[in-house]
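Numbering (the working numbering), first residue to last: 154 to 273.
This is the structure we're talking about:
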């Protein structure tokens, strides 16, 4: 007996969760002029900003790698509309097919069986 296990998420959420701490680090570096001299302050801001840029680039690369991401919204809308039309056509065909089957069963149910010739 197997226990249900939800599918594992192959999408690295940690890459996006790391954006917030990196942004907070930049904001702290900007606001914490403190006792450090201007060169150290600028260096801290530059380091924090570079770390944030790296995190954003990683997240962007992951987003660009998602399937379907290469399609424009307009093209996605066209595909959705075409699929909806195809679904409507298939539904219409199914309705015709089921009504045809119901009509045939009514015809065969109402007919009398053929009489057999006893001389044959």
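Built from N, CA and C at the ideal position, the CB exists for glycine as well.
Out of 196, 201, 215, 206, which has the shortest C-alpha to C-alpha gap to residue 165? 215
CB residue 175 to CB residue 197, shorter than 8 Å? Contact flag unset, no.
Taking C-beta to C-beta, are residue 212 and residue 168 nearer than 8 Å? yes
Continuous alpha helix (DSSP H) stretch holding residue 217: start and end: 191 to 217
Check whether the Cβ atoms of residue 177 and residue 202 sit closer than 8 Å, and answer yes or no. Contact: no.
Delimiting residues of the alpha helix (DSSP H) encompassing residue 174: 172 to 184
In three-state DSSP terms, what is residue 164? coil
Output needed for residue 205: all residues of its chain with C-beta closer than 7 Å, excluding positions within five of it in sequence on either side, in chain order. 175, 176, 179
Kindly give me the distance between the Cβ atoms of residue 208 and residue 171, rounded to whole angstroms, as I take these residues to be in contact under 8 Å. 5 Å
State the DSSP-derived secondary structure class of residue 223, mapped to helix, strand or coil. coil
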